[in-house]
Each structure stands twice: as C-alpha cells, then as structure tokens.
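Asks: Going by UniProt numbering, the first residue of the sequence shown is number 1, and it counts up by one from there.
For each residue, glycine too, the CB sits at the ideal point set by N, CA and C.
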Amino acid sequence: MYYQRIGDVPPKRHTQHRAEDGSLHFEELMGEEGFSSDSSLLYHRTIPSAVVEARVWDLPDLTTTPNHPLVPRHLQLHDLFDETAWRDIDAVTGRRLVLGNGDVRISYAVCGKASPLYRNGIGDECVYVESGTALVETVFGVLEVGQGDYVMLPRATTHRWVPTGREPLRLYAIEANSHITPPKRYLSRFGQLLEHAPYCERDLRTPAEPLLADKVSTGSTPDGVEVFIKHRGPGPGGIAGTVHVVPDHPFDVVGWDGCLYPYVFNIADFEPITGRVHQPPPVHQVFEGHNFVICNFVPRKVDYHPLSIPVPYYHSNVDSDEVMFYVGGDYEARKGSGIGQGSISLHPGGHAHGPQPGAYEKSIGVEFFDELAVMVDTFRPLELGEGGQACDDGIYVTSWVRGSDR
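1) With a threshold of 8 Å, are at least 3 pairs of Cβ atoms found where one atom belongs to the segment 343-360 and the other to the segment 297-305?
2) According to the neighbour-count rule (16 or more other Cβ atoms, all chains shown, within 10 Å of its Cβ), is residue 191 buried or exposed?
3) With three or more C-beta pairs closer than 8 Å as the rule, is the segment 170-185 touching the segment 267-274?
4) Would you call the CB atoms of residue 167 and residue 115 closer than 8 Å?
5) Taking DSSP's pairing of strands, which residues face residue 321 in a bridge?
6) Quick one: any contact between the segment 355-375 and the segment 46-62, if contact means 3 or more CB pairs under 8 Å?
7) Spell out the partners DSSP gives residue 4 in its beta bridges.
8) With distance defined between alpha-carbon atoms, name the residue in 125, 67, 281 and 197 nearest to residue 262.
9) For the alpha helix (DSSP H) containing residue 390, name the first residue and the last one.
10) Could you tell me the boundaries of the alpha helix (DSSP H) in which residue 209 lies?
11) Closest to residue 138 by CA distance: which of 253, 111 and 194 is it?
12) Comparing alpha-carbon positions, which option in 147, 245 and 211 lies nearest residue 251?
13) In whole angstroms, give me the CA-to-CA distance for residue 179 and residue 330.
14) When the Cα atoms are used, what is the spatial distance from residue 241 to residue 347?
15) How big is the Cα-Cα spacing for residue 361 and residue 307?
16) Per the DSSP calculation, residue 265 is bridged to which residue(s)?
17) Helix, strand or coil: which one does DSSP assign to residue 77?
18) Check residue 396 in the structure and name its three-state DSSP category.
19) Would DSSP call residue 161 helix, strand or coil?
20) According to DSSP, is residue 409 part of a helix, a strand, or is it coil?
21) For residue 314 and residue 284, I'd like the C-alpha separation in whole angstroms.
22) Can you give the Cα-Cα distance for residue 117 and residue 303, rounded to whole angstroms?
23) Measuring straight from C-alpha to C-alpha, what distance separates residue 249 and residue 31?
24) From which residue to which residue does the alpha helix (DSSP H) around residue 12 run?
25) So residue 38 and residue 1 are supposed to be a Cβ contact under 8 Å. How far apart are they, rounded?
26) Report the three-state DSSP secondary structure of residue 253 (helix, strand or coil).
27) Considering Cα atoms alone, identify which of 370, 325, 337 and 33 is closest to residue 154.
28) Which whole-angstrom value describes the C-beta separation of residue 171 and residue 91, a residue pair presumed to lie in contact below a C-beta threshold of 8 Å?
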C-alpha cells in the first residue's frame, strides 16, 4: 500500500522520540515477511509487549465437515441468528463459521454490542459490512464503516468493533492464513494501482488521526485491559485463542507511518470491466490471498455483441470452489434457484454449474444487470462449518433440473 503518516512521529526512524515531559515513546515495528515486506512504525506511550496475565480463550466452534458427497449448496445466512438475540452478540466472539479450509475461513455475525479488543495473529481479515454501521477502533486510529464496506485489517492489528446504529450490524468475515492484497496484475512494480485497475488509492479510506486511550473506555479490568488473540495452536484447524491482560490500554499510539495499516474500500467504488461478450470472473476481482481470491459483482452494463448471452456460460471449477454471497439487487443467473439476498451458493470443484433453467434464454437482449454479490474462489476444497451446516437448504443440488419445484 502507499505511504501514510499520521500523528506525531520523529524525523528519523529508530531514534529517540520524546513526549513533552521528556519521557521516551516506545517504537514498534509492525512488519510482514520478516522485515522483507510492507511495514509501519508505531510510537507508543507505554511498552507494547507488557503482559500481566494470560488465559485460554475458548473460541467459537471452528470444526469443519467435508462436503461429501460432493454437492453444490445453498446456505441461508439470515437464518443463523435470532431476530432479537443480535443485541447481545459482538463481531468477534459471535462469529459463526460457515465455510473453511487450510487457507481461509468464512464466518457470519449479526451483532449489536461492542466487541472486546481483538487481534488476529494468523492472517489478515477482510470483513464485508452487509448492513448496519460501526466504528472500528484500531491502534492506527478509527474507521467509520457502513453498508457495502470492505474493512481490511492486517494481521495482528489490535482493534474492536463498536456498532453505532439501531439496526443490527451484519458482517461477512473472510479470515486468511496469509495476507490479503489488491491483485498483483493491478499493481506497478512499486505498488501503485495502475490505470486499468477497477479502483485506485483515492477510493481507500484510512484513519485520519491517532486514537489515544483517554478517548476510549472499554476493555479495562481492575488488573488491566483484556485483548483477545486468535493464533496458531492446538485447536481445530490448528487455531487457538488466548486472552492477554495488559497493564496499559493498547490505544496509546501517538503517531505512526508506513505502508501497512487498516483501510476501508466500498463496493460502490468498484468500476466494473465489461466487454462485447461475457467476461470471465477474474475481471471482477478486488483482492487476493494465498490460494484464494475475492471478487465482487456490481450493477453494470452487460455484453453488447449482437448475439451475446449476458448470463454466465456453464463452467466447471476444475481447480477451485466458488462461494457467492448475494447482498443486493436481483442476480439474473440464479432466478428460480431459491437464492435471494443473504444467500450463499457453494459450487465445488468437480461440478459444472451456471444459470438456472430458463435464465440462459431470458437474458438475451438484456442490457443491464442490477446485482450485488461478493465471491470467494478457493484453490483447496472448502468444508462446512457448524454455521454452514445449520443454514443449508438441502435441496439446491436439484435446482438445475427443468421443472423442479422451487
């Protein structure tokens, strides 16, 4: 990402940086790939590594079940949470695992209360805000987020989610075991988004100023401040949880600079790439991680060849599983399948899929698609989490049979 400088930082890195009273600030390098990739320097009022207590955090159920026998699935995420229970659920401990493998986990949460301070020590998180509003408070500063926002949180960023509206905050969390970045083909060799990219740096929102502990009041206990950490360990999928009690609030950063930080990108700022004939899914790509990509399908003009068929051609996912989360509009190719807003379709590798019966023919002559969806393609098979099993409609596999009753 491009360079940012926020708050009070010294003119030279790795040199003394003092407060007005003469006390030293403590410099922390937060960097990727062992000092060999993007990093930022954060300047703390207190020692960032101090811990006074550690205990086990019993994570939500992260067990997964293979998709066997191999079938496409329709998962109805809006059925996962009670209409009133969301008020007592937070965006961290309340997540329910929908799908996952060794590279990425997809969870869903409907929440109404502030989360604990949280740090994912396994990989980056890309959280899509389906609806609602929130403040995401981080060691880098505050991000205001709302419907349609992708919230990008680098690995080990201490943060918390604070819902701000009267309506539930609905979050679709994509947790990587790697970093998540813009696609390499859209970046110059120096990291700038290129002219043919479907978005640019102007579309990204970053923290505007530091967030100091005297501006927040959460997370404190008589002994210190609790930070919930997800990390590699002995649990399902090699994931475990720990709570650190730290003596001082982590939001004590007076300034930072560098190229590693959280940011927000709204799906409405994605400029779709179209053509005379139907374009393949990679033109919709917005981010990528190790062994998976994230795409979005947005309202757009469609194919303008006189003989074009605007909906997707039938295709086999030879190397990947495809997950579509339908968040708005009316997805033309899925009409008649039972899928609606809040649905996920899982099309696994080894199964040919495409438009529902009748959609192929009816799309001829259509000039515009009013649809909104977030897609994750993985290069290893996805398994079902407890949330995915709980909201599977059980009949989607038959939806391509002409005359099937949906």
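Replies: This is what the structure holds:
1) Verdict: no, contact absent.
2) One-based indexing of the sequence shown puts residue 191 at position 191. Counting Cβ neighbours within 10 Å, residue 191 comes out exposed, since fewer than 16 surround it.
3) Here the segment 267-274 makes no contact with the segment 170-185; the two share fewer than three CB pairs at distances below 8 Å.
4) The residue labelled residue 167 in the question sits at position 167 within the sequence shown. The residue labelled residue 115 in the question sits at position 115 within the sequence shown. Between residue 167 and residue 115, the C-beta spacing is not below 8 Å.
5) Numbered from its first residue, the sequence shown carries residue 321 at position 321. DSSP, once it has assigned bridges, lists 378 as partnering residue 321.
6) Under the Cβ criterion (8 Å, minimum of three pairs), the segment 355-375 does not count as touching the segment 46-62.
7) Residue 4 sits at position 4 when you count from the first residue of the sequence shown. In DSSP, residue 4 forms a bridge with 258.
8) The residue given as residue 262 occupies position 262 in the sequence shown. Ranked by Cα distance from residue 262, the first of 125, 67, 281 and 197 is 125.
9) By 1-based counting over the sequence shown, the position of residue 390 is 390. Taken as a continuous stretch (DSSP letters only), the alpha helix (DSSP H) holding residue 390 covers 386-390.
10) Along the sequence shown, one-based indexing puts residue 209 at 209. Counting along the chain, residue 209 falls outside any alpha helix (DSSP H), and DSSP gives it neither H nor E.
11) What you label residue 138 is simply residue 138 of the sequence shown in a count that begins at 1. Nearest in C-alpha terms to residue 138, of all of 253, 111 and 194, is 253.
12) Against the sequence shown, residue 251 aligns to sequence position 251. Ranking the options by Cα distance to residue 251, first place goes to 211.
13) Within the sequence shown, the letter at position 179 stands for residue 179. Within the sequence shown, the letter at position 330 stands for residue 330. Computed Cα separation, rounded: 32 Å.
14) In the sequence shown, the residue the question calls residue 241 occupies position 241. In the sequence shown, the residue the question calls residue 347 occupies position 347. So the two alpha carbons sit approximately 31 Å from each other.
15) On the sequence shown, residue 361 is found 361 positions in, with the first residue counted as 1. On the sequence shown, residue 307 is found 307 positions in, with the first residue counted as 1. So the two alpha carbons sit approximately 12 Å from each other.
16) Here residue 265 is taken as the residue at index 265 of the sequence shown, counted from 1. Answer is 150 and 204.
17) Position 77 of the sequence shown, counting from 1, holds the residue named residue 77. Correct three-state label for residue 77: helix.
18) Residue numbering aside, residue 396 sits at position 396 when the sequence shown is read from its first letter. Residue state for residue 396 is assigned as helix, using DSSP reduced to three classes.
19) Position 161 of the sequence shown holds residue 161. In this structure, residue 161 counts as strand in the three-state DSSP scheme.
20) Since the first residue of the chain shown is 1 and the last is 406, residue 409 is not available in this structure.
21) Here residue 314 refers to the residue found at position 314 when the sequence shown is read from its first residue. Here residue 284 refers to the residue found at position 284 when the sequence shown is read from its first residue. For residue 314 and residue 284, the distance between alpha carbons rounds to 17 Å.
22) Looking up residue 117 in the sequence shown gives position 117. Looking up residue 303 in the sequence shown gives position 303. About 47 Å.
23) Residue 249 sits at position 249 when you count from the first residue of the sequence shown. Residue 31 sits at position 31 when you count from the first residue of the sequence shown. Going by the C-alpha atoms only, they are around 21 Å apart.
24) For the purposes of this step, residue 12 is identified with residue 12 of the sequence shown, where counting begins at 1. Where residue 12 is concerned, there is no enclosing alpha helix (DSSP H), given that its DSSP letter is neither H nor E.
25) One-based indexing of the sequence shown puts residue 38 at position 38. One-based indexing of the sequence shown puts residue 1 at position 1. Contact between residue 38 and residue 1 holds: their C-beta atoms lie close to 7 Å from each other, under 8 Å.
26) As a position in the sequence shown, residue 253 is number 253, starting the count at 1. It is a strand residue.
27) Taking the sequence shown and counting its residues from 1, the one referred to as residue 154 is at position 154. Out of 370, 325, 337 and 33, 33 has the C-alpha closest to the C-alpha of residue 154.
28) On the sequence shown, position 171 is the one that residue 171 refers to. On the sequence shown, position 91 is the one that residue 91 refers to. Indeed, because the Cβ distance is near 6 Å, the residues count as touching under 8 Å.
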